[in-house]
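Following: one structure in C-alpha cells, then a few remarks.
There are 2 protein chains.
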Amino acid sequence: MTNTNTKTTAGTMAMAGGTHPPGGHPPGASIEDGVVLFAHGSRDPLWRAPIEAVEARMRQQAPGAQVRCAYLELAEPDLPTAVRELAGQGVRRLTVVPMFLGTGKHAREDLPLLVQTLREEHPGMEVIVQGAIGEDPRMTALMAEIAAGR
Amino acid sequence: MTNTNTKTTAGTMAMAGGTHPPGGHPPGASIEDGVVLFAHGSRDPLWRAPIEAVEARMRQQAPGAQVRCAYLELAEPDLPTAVRELAGQGVRRLTVVPMFLGTGKHAREDLPLLVQTLREEHPGMEVIVQGAIGEDPRMTALMAEIAAGR
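Those sequence lines, one after another, are chains E and Z. For the first sequence, the positions run 0 to 149 when numbering that gives the first Met the number 0 is used. For the second sequence, the positions run 0 to 149 when numbering that gives the first Met the number 0 is used.
Right, here's the structure in full:
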C-alpha cells in the first residue's frame with residue numbers, strides 16, 4: 000500500500016492535474032478493472048443526470064464495464080460504498096475520475112484523504128486517480144465551442 | 000424587461016436544461032454580443048484555470064470577442080460586475096453560460112435570481128441563459144471517453 004501516486008501509470012494523472020494523455024485501464028477490458036465517476040453531489044436529484052449519463056454511455060460502449068458514480072456529499076453512494084461494491088465484483092484495478100471542472104479543495108484535499116482510506120481498506124487494489132475532468136484540453140476546446148453557441 | 004425566458008432564441012436554452020442545439024450569439028459576431036462563463040468559484044485560485052482556459056480559447060478563436068468569467072462565490076468578479084463591464088463595452092446581447100456539470104440549486108435557483116437582477120439593472124440588454132454546460136450531449140460523450148482512459 001502506498002499513499003503517494005507511485006502507482007500512477009502512464010496515461011493517467013497525478014492528483015495535481017496537468018495534461019491528460021490517453022491510457023489508463025479501459026473499463027470492460029477485464030472484470031478486474033473498474034471506474035468510479037466521483038462527483039460533488041447535490042440535494043437536487045436532477046443534478047446527477049449528466050454524471051449518470053456518462054456512466055450509461057460507458058456501459059453502452061463497453062457492456063459489462065464496472066463503472067459506478069459516487070459523490071462527495073449530498074448524494075449517494077459515497078466513494079467508500081461504491082468501491083466496496085466494485086471490490087465485491089472482483090475489481091482489483093480502480094480508476095477514480097474526479098468529475099470536477101477544476102482542481103480546488105474537493106479534488107486537491109478531500110479526494111486524496113478519501114483515496115488514502117480506500118487504499119487502507121483495500122490493500123490489494125490498485126487505485127489510480129485521474130486529474131479533474133475539466134482540465135483535459137479536449138474539454139476546454141468543447142466548452143469553448145458550446146459557449147460560443149456552435 | 001422580462002423575467003421569463005421569452006427572449007430565448009432558437010439555438011439557446013431555457014433555464015430548466017434539456018438539449019443544446021447549436022446557435023446563440025457567436026462571440027465576436029458583433030461588439031454588441033457578449034458571453035459570460037458563469038462558474039461556481041473556489042478559494043483555490045488554481046481551480047479557475049480551466050474556466051479561464053475556455054475564455055482564452057474563445058478569444059483566440061474570435062479576436063475581440065466580449066467574453067468574461069464570473070463566479071457565484073469564493074472568487075471574483077461576480078456576475079453583476081462582469082456584466083457591468085460588458086455593458087460598458089457596448090454589449091447589448093448577453094449569453095450566460097452556466098459552467099456547471101449539472102443543474103442543481105446554483106443553476107436552477109441562484110442563477111435565475113441573479114439574471115432577474117441583471118435584467119432590472121440593464122433593461123436594454125437581451126439576456127440569454129444557456130443550460131448547464133455538462134448537460135450537452137457532446138460533453139457526455141467526451142467525458143465518457145476521458146473516463147474510459149481513451
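We treat Cβ as the ideally placed atom computed from N, Cα and C, and that holds for glycine.
Inter-residue spacing [alpha-carbon to alpha-carbon] between Val90 (chain Z) and Asp77 (chain E): So the two alpha carbons sit approximately 44 Å from each other.
Against Val53 (chain E), what residues of chain Z qualify as contacts under a CB-to-CB distance less than 7 Å, listed in chain order? Val53 (chain E) reaches chain Z at Thr139, Met142, Ala143, Ala146, counting residues in chain order whose Cβ is nearer than 7 Å.
Quick check on the DSSP output: the alpha helix (DSSP H) that includes Thr80 (chain E) runs from which residue to which? That run of the alpha helix (DSSP H) goes 78-87.
How would you write the range of the alpha helix (DSSP H) that Val53 (chain Z) sits in, first residue to last? Taken as a continuous stretch (DSSP letters only), the alpha helix (DSSP H) holding Val53 (chain Z) covers 48-60.
Specify whether the region 30-39 of chain E and the region 50-58 of chain E touch according to this definition: at least 3 beta carbon pairs, one from each stretch, less than 8 Å apart. Counting C-beta pairs closer than 8 Å gives three or more between the region 30-39 of chain E and the region 50-58 of chain E, which meets the contact rule.
Whether Val82 (chain Z) touches Val128 (chain Z) by CB criterion (8 Å): No.
Helix, strand or coil at Val114 (chain Z) according to DSSP, with G and I counted as helix: Val114 (chain Z): helix per DSSP, three-state reduction.
Is DSSP giving Arg92 (chain Z) helix, strand or coil here? Strand.
Tell me which same chain residues have a C-beta within less than 6 Å of the C-beta of Arg200 (chain E), skipping the five on either side of it? Beyond the ends of chain E as shown, which are 0 and 149, falls residue 200 (chain E); an answer cannot be given.
Looking at Gly101 (chain E): is its Cβ nearer than 8 Å to the Cβ of Ser29 (chain Z)? No, these two residues do not count as a Cβ contact at 8 Å.
Answer with yes or no whether the minimum CB distance from Glu120 (chain E) to chain Z is below 8 Å. Not one chain Z Cβ lies under 8 Å of Glu120 (chain E).
Taking Cβ positions only, does Asp109 (chain E) come closer than 8 Å to chain Z? No, no contact with chain Z.
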